[in-house]
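Residue numbers (our numbering), protein chains in the order written: chain A, 1 to 108; chain B, 1 to 385.
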């Protein structure tokens, strides 16, 4: 019964990975891809847990822990990159006048 | 006993993870996708991990499962918060049903929007009108004139004719044989109202046909504000007559249909019967706050009124001159012809508008000044943003 559950869960996770991968390829924005990466990390954690259960090695759960860490660092890194790029990009252009005005208003 | 529970948790977790992936693939914008990915994703992975812990049933496995769960619970909200913030600041496009509560709080750039996507989205959602039929007869003349004015720029029209729900005397339980009679009269009332609205909508439909506009008629029973809120998506402007002085109009309960307008979340054009002449300009009343800036931005974004010059009048206050200058800069940045209007005292009603101009005000200002109220509850056409 457990073996069947592991197989079924693996199939469901595989379908989830395909959908997430499609979103990562499709985009359209950087953040959409980063969100896909975030979910992919979670799916990898779940899949590794299934692998550990299937093979019977508890030590494989350590990999899941590492995967979770990498996903977090990746998401935060991409987020800070996008934010910094947007701010410097906006300051250098005339088109974002209203948004900088809004920013200075909220400070005051 | 542990094995079935573990199996159930594994399959449930994987199923929820699949639902999360479907959400990421199918939801319309980055913010909603992130909502699916983090919450449902964590629930799915968490259930799979707990199932693994139960199946192993060893302290080493439980320790690792606990650590992973703790770690995910601490880091995922941080990661998703950072991603959401980056999406907002990077200017990721937002689903049109989302209300932007951060407008004016965080800056919004434009690096995460590819121009082709924005252009295709604009083509996919052409300027559509949602026209609401009123109870009074003369309102139709006003609606028809609005169709004639806005028709050339509009692409589609949805005509909504609400039938107010039966009043309590008709639908309530009655003693004896009267219940049947009440039910019958209720059904007859519905049929009569439906036929009546159909006949009146036909006039507007002919008007659409003359203009070559595709027109969909929806005759629905229900409270007008709920119907409008349910149908608002995919439309650019809500057109409805001002409520009559005698009683509640098509907009139903709520003075002047405010409930209907707030529920729709669309800019609304209020019309005063009998007819609406084509405006030659827009007259925007700025209340010197961030909400007015946001309303002006919506006004400049309305494709139905593109090309009309904008006059910006500001309510007197400490920052009024700067607000007016900011507003003019916004209009110019949008490529619109803009003129500075007068500074108006807040405590007095608006004396007089330039002829042939359409006044526009924020729908829900922070403070209702007398100047704002005189336009909102006065007479004449009005654009609520």
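All residues carry an ideal CB built from backbone N, CA and C; glycine is no exception.
>> So if I threshold CB-CB distances at 8 Å, which residues from the segment 44-76 of chain A count as touching chain B?
In response: 45, 46, 49, 50, 52, 53, 58, 61, 62, 64, 65, 68, 69, 71, 72, 75, 76
> To the nearest angstrom, how far is it from the Cα of residue 355(B) to the Cα of residue 312(B)?
Replying inline: On the second chain, residue 355(B) is found 355 positions in, with the first residue counted as 1. On the second chain, residue 312(B) is found 312 positions in, with the first residue counted as 1. Answer to the nearest angstrom: the Cα atoms are 15 Å apart.
> What is the residue span of the alpha helix (DSSP H) that residue 280(B) lies within?
Replying inline: Looking up residue 280(B) in the second chain gives position 280. No alpha helix (DSSP H) contains residue 280(B), which DSSP labels as neither H nor E.
>> For the pair the segment 7-20 of chain A and the segment 32-40 of chain A, tell me if three or more CB-CB distances fall below 8 Å.
In response: yes
> Can you check whether the CB of residue 261(B) is closer than 7 Å to the CB of residue 363(B)?
Replying inline: Looking up residue 363(B) in the second chain gives position 363. Looking up residue 261(B) in the second chain gives position 261. Cβ atoms of residue 363(B) and residue 261(B): closer than 7 Å.
>> Please tell me whether residue 20(B) and residue 40(B) are closer than 7 Å, where the distance is taken between their beta carbons.
In response: Position 20 of the second chain, counting from 1, holds the residue named residue 20(B). Position 40 of the second chain, counting from 1, holds the residue named residue 40(B). The answer is yes: Cβ separation under 7 Å.
> With respect to the beta strand (DSSP E) encompassing residue 48(A), which residues constitute its N-terminal and C-terminal limits?
Replying inline: In the first chain, the residue the question calls residue 48(A) occupies position 48. It is not in any beta strand (DSSP E) - residue 48(A) instead sits in the alpha helix (DSSP H) that spans 30-55.
>> What would DSSP say about residue 228(B), mapped onto helix, strand or coil?
In response: In the second chain, residue 228(B) corresponds to position 228, counting from 1. It is helical.
> Considering only the beta carbon of each residue, do residue 127(B) and residue 303(B) sit closer than 7 Å?
Replying inline: The residue labelled residue 127(B) in the question sits at position 127 within the second chain. The residue labelled residue 303(B) in the question sits at position 303 within the second chain. Yes, they are a contact pair.
> Of all the CB atoms in chain A, is at least one closer than 7 Å to the CB of residue 66(B)?
Replying inline: What you label residue 66(B) is simply residue 66 of the second chain in a count that begins at 1. Cβ-Cβ to chain A under 7 Å: no for residue 66(B).
> Helix or strand or just coil, what does DSSP make of residue 219(B)?
Replying inline: For the purposes of this step, residue 219(B) is identified with residue 219 of the second chain, where counting begins at 1. Residue 219(B) falls in the strand class under three-state DSSP.
> Interface residues of chain D around residue 3(B) at Cβ under 7 Å?
Replying inline: Considering every chain present, this structure includes no chain D. Its protein chains are A and B.
> When DSSP builds the beta bridges, which residues end up paired with residue 128(B)?
Replying inline: Within the second chain, numbered from 1, the residue matching residue 128(B) stands at position 128. Answer is 156(B), bridged to residue 128(B).
> Using the C-alpha atoms, what's the distance from residue 58(A) back to residue 99(B)?
Replying inline: Against the second chain, residue 99(B) aligns to sequence position 99. Against the first chain, residue 58(A) aligns to sequence position 58. If you take the alpha carbons of residue 99(B) and residue 58(A), they lie about 47 Å apart.
> Just the Cα atoms here: how many angstroms apart are residue 66(A) and residue 69(B)?
Replying inline: On the first chain, residue 66(A) is found 66 positions in, with the first residue counted as 1. On the second chain, residue 69(B) is found 69 positions in, with the first residue counted as 1. The straight-line gap from Cα to Cα measures roughly 12 Å.
> Between which two residues does the beta strand (DSSP E) carrying residue 44(B) extend?
Replying inline: Against the second chain, residue 44(B) aligns to sequence position 44. Premise fails: residue 44(B) lies in the alpha helix (DSSP H), 41-56, not in any beta strand (DSSP E).
> Per DSSP, what kind of secondary structure is residue 66(B) in: helix, strand or coil?
Replying inline: In the second chain, residue 66(B) corresponds to position 66, counting from 1. In the structure shown, residue 66(B) sits in a helix (DSSP, three-state: H, G or I).
> Name the chain B residues that come within less than 9 Å of residue 7(A), Cβ to Cβ?
Replying inline: Numbered from its first residue, the first chain carries residue 7(A) at position 7. By Cβ distance, chain B contributes nothing, its closest Cβ being about 10 Å from residue 7(A), past 9 Å.
> If you run the structure through DSSP and keep just helix, strand and coil, what is residue 24(B)?
Replying inline: For the purposes of this step, residue 24(B) is taken as residue 24 along the second chain, with counting starting at 1. Looking at residue 24(B) - three-state DSSP - the assignment turns out to be helix.
> At which residues does the beta strand (DSSP E) containing residue 343(B) begin and terminate?
Replying inline: Counting from 1 along the second chain, the entry for residue 343(B) is found at position 343. Looking at the DSSP string, the run of the beta strand (DSSP E) that includes residue 343(B) is 338-344.
> Starting from residue 268(B) and walking both ways along the alpha helix (DSSP H), at which residues does that stretch end?
Replying inline: Here residue 268(B) is taken as the residue at index 268 of the second chain, counted from 1. No alpha helix (DSSP H) holds residue 268(B); the beta strand (DSSP E) holding it covers 268-271.
>> Nearest by alpha-carbon distance to residue 380(B): which of 278(B), 296(B), 348(B) is it?
In response: In the second chain, counting from the first residue as 1, residue 380(B) sits at position 380. When only C-alpha atoms are compared, the closest one is 278(B).
> Helix, strand or coil: which one does DSSP assign to residue 77(B)?
Replying inline: Residue 77(B) sits at position 77 when you count from the first residue of the second chain. Residue state, collapsed to three classes: helix.
>> Using CA atoms only, rank isn't needed, just tell me which of 36(A), 56(A), 46(A) is closest to residue 13(A).
In response: If you number the first chain from 1, residue 13(A) lands on position 13. Among 36(A), 56(A), 46(A), the Cα nearest to that of residue 13(A) belongs to 46(A).
> Under 7 Å between C-beta atoms, does residue 29(A) make it to chain B?
Replying inline: The count along the first chain starts at 1 and reaches residue 29(A) at position 29. Yes, its Cβ sits closer than 7 Å to a Cβ of chain B.
> Excluding the five sequence neighbours on either side, which residues of its own chain have a C-beta within less than 8 Å of the C-beta of residue 104(A), listed in chain order?
Replying inline: Taking the first chain and counting its residues from 1, the one referred to as residue 104(A) is at position 104. Any reading at residue 104(A) needs caution, since the residue's pLDDT is 38, under 50, leaving its predicted position unreliable; the model's value is listed next. The answer is none, since no qualifying residue turns up.
>> Less than 7 Å between CB atoms is the rule here; does residue 367(B) satisfy it with respect to chain A?
In response: Here residue 367(B) corresponds to residue number 367 of the second chain, with the count starting at 1. Cβ-Cβ to chain A under 7 Å: no for residue 367(B).
> In chain order, what residues of the segment 335-357 of chain B put their CB closer than 9 Å to some CB of chain A?
Replying inline: none
>> I need the DSSP call for residue 287(B), collapsed to helix, strand or coil.
In response: Translated into the one-based positions of the second chain, residue 287(B) becomes position 287. The answer is coil: DSSP assigns residue 287(B) none of H, G, I, E or B.
>> Are the CB atoms of residue 27(A) and residue 30(B) within a distance shorter than 7 Å?
In response: As a working note, residue 30(B) is residue 30 in the second chain. As a working note, residue 27(A) is residue 27 in the first chain. Not closer than 7 Å, so no.
>> Nearest by alpha-carbon distance to residue 344(B): which of 365(B), 369(B), 336(B), 333(B) is it?
In response: Translated into the one-based positions of the second chain, residue 344(B) becomes position 344. When only C-alpha atoms are compared, the closest one is 369(B).
> What residues are listed by DSSP as bridge partners for residue 367(B)?
Replying inline: Here residue 367(B) refers to the residue found at position 367 when the second chain is read from its first residue. For residue 367(B), which the question treats as bridged, DSSP gives no partner whatsoever.
>> Tell me the rounded alpha-carbon separation between residue 333(B) and residue 223(B).
In response: Along the second chain, read from residue 1 onward, the residue named residue 333(B) stands at position 333. Along the second chain, read from residue 1 onward, the residue named residue 223(B) stands at position 223. Their Cα atoms are separated by approximately 41 Å.
> Run through DSSP, which three-state label would residue 311(B) get?
Replying inline: If you number the second chain from 1, residue 311(B) lands on position 311. If DSSP states are grouped into helix, strand and coil, residue 311(B) belongs with the strands.
>> Taking a contact to mean a Cβ-Cβ separation below 7 Å, would you say residue 144(B) touches residue 204(B) in this structure?
In response: On the second chain, residue 144(B) is found 144 positions in, with the first residue counted as 1. On the second chain, residue 204(B) is found 204 positions in, with the first residue counted as 1. Cβ atoms of residue 144(B) and residue 204(B): closer than 7 Å.
> Any idea what DSSP makes of residue 241(B), helix, strand or coil?
Replying inline: To locate residue 241(B), count along the second chain from 1; it is residue 241. DSSP places residue 241(B) in strand when its eight states are reduced to three.
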